[in-house]
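Numbering (the numbering used here), first residue to last: 48 to 314.
We treat Cβ as the ideally placed atom computed from N, Cα and C, and that holds for glycine.
A short write-up of the structure that comes next.
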Ligand SMILES: NC(=O)C1=CN([C@@H]2O[C@H](COP(=O)(O)OP(=O)(O)OC[C@H]3O[C@@H](n4cnc5c(N)ncnc54)[C@H](O)[C@@H]3O)[C@@H](O)[C@H]2O)C=CC1
Ligand SMILES: O=C(O)[C@@H]1CCC=N1
């Protein structure tokens, strides 16, 4: 079985490790490098895996997953003593494969991934792009790993900023919508726990419909909307307030910010 070392046992690192354990990956083949020792102890206690240092991880792992904050990636990679070939899978937002390759020994295969936080419940959308030296086998290895925590899709690296604007940051847009709906329900007199349950179940159920094979958002919206009915009254207001334009501008702003962050790493 592939030995995987995750550098950074924070939210995303824990989600990946927890997903791999839940998917049947032998904890004896999972390593975490986490500088917060209390956190490392918590992870090893709960997941049965091993906490170690970067040198040991680099010596033992076939795949090194980078799950520290973007500003910590260079330091972490440059501290790793690379003795043999291994695949590096980076989950760090905005850092191009060219920068990652520059911090690693020549010809290291690198796969850049934009995950999202539904990884915490095994329902991530992970968007993958191969670096210069990552061949089909390297991409397939990364996909197999990430399939333990959700879905995967490959894109050319030039599309990573746009992908970030949809699936990477997208959960936050939907949580904002959920918050606003809950507040609106409370304003109409619903108890907060009831409003929260109604909205959470609705978002979950709508997501289930949306991801069912053959469904399309326009058709699903039509199916809810009786002519002259309640939904039509609500949609008219949303359109009048420019919901589509607001989302288009938000996605573009996110893409632009992702490009700006990438430029600081030489993208
Ligand atoms: N939170 C999100 O929605 C998304 C996050 N990402 C990316 O995932 C990565 C991780 O993000 P989070 O898990 O949210 O961050 P986090 O802050 O929860 O976790 C990072 C962990 O790395 C540890 N760490 C930092 N430097 C270290 C070092 N030198 N050696 C060992 N451990 C070290 C920290 O103690 C911390 O536990 C980031 O690069 C972020 O861009 C990507 C997509 C979505
Ligand atoms: O907000 C951010 O920068 C990160 C990247 C995608 C989601 N969170």
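| Check | Outcome |
| --- | --- |
| Neighbourhood of residue 175 by C-beta, 8 Å cutoff - its chain only, sequence neighbours within 5 removed | 158, 159, 160, 186, 189, 190, 193, 199, 200, 201 and 202 |
| Check: residue 48 C-beta below 8 Å from any heavy atom of ligand 1 | no |
| Residue 67, buried or exposed, once every other Cβ within 10 Å from all chains shown has been counted against 16 | buried |
| Contact the segment 218-225 vs the segment 131-141: 3+ CB pairs below 8 Å | no |
| Candidates 271, 70, 134 and 243: closest to residue 53 by CA position | 134 |
| Where residue 237 sits in the DSSP three-state scheme | coil |
| Straight-line Cα distance separating residue 164 from residue 172 | 9 Å |
| Opposing strand residues paired with residue 135 [DSSP bridges] | 111 and 157 |
| C-alpha gap between residue 227 and residue 167, whole angstroms | 23 Å |
| Residue 285 Cβ short of 8 Å to ligand 2 heavy atom set | no |
| Residue 200 - DSSP class collapsed to helix/strand/coil | strand |
| 6 Å CB neighbourhood of residue 195 in its chain, flanking five on each side removed | 66, 67 and 70 |
| Distance between residue 85 and residue 92 (C-alpha atoms, nearest Å) | 11 Å |
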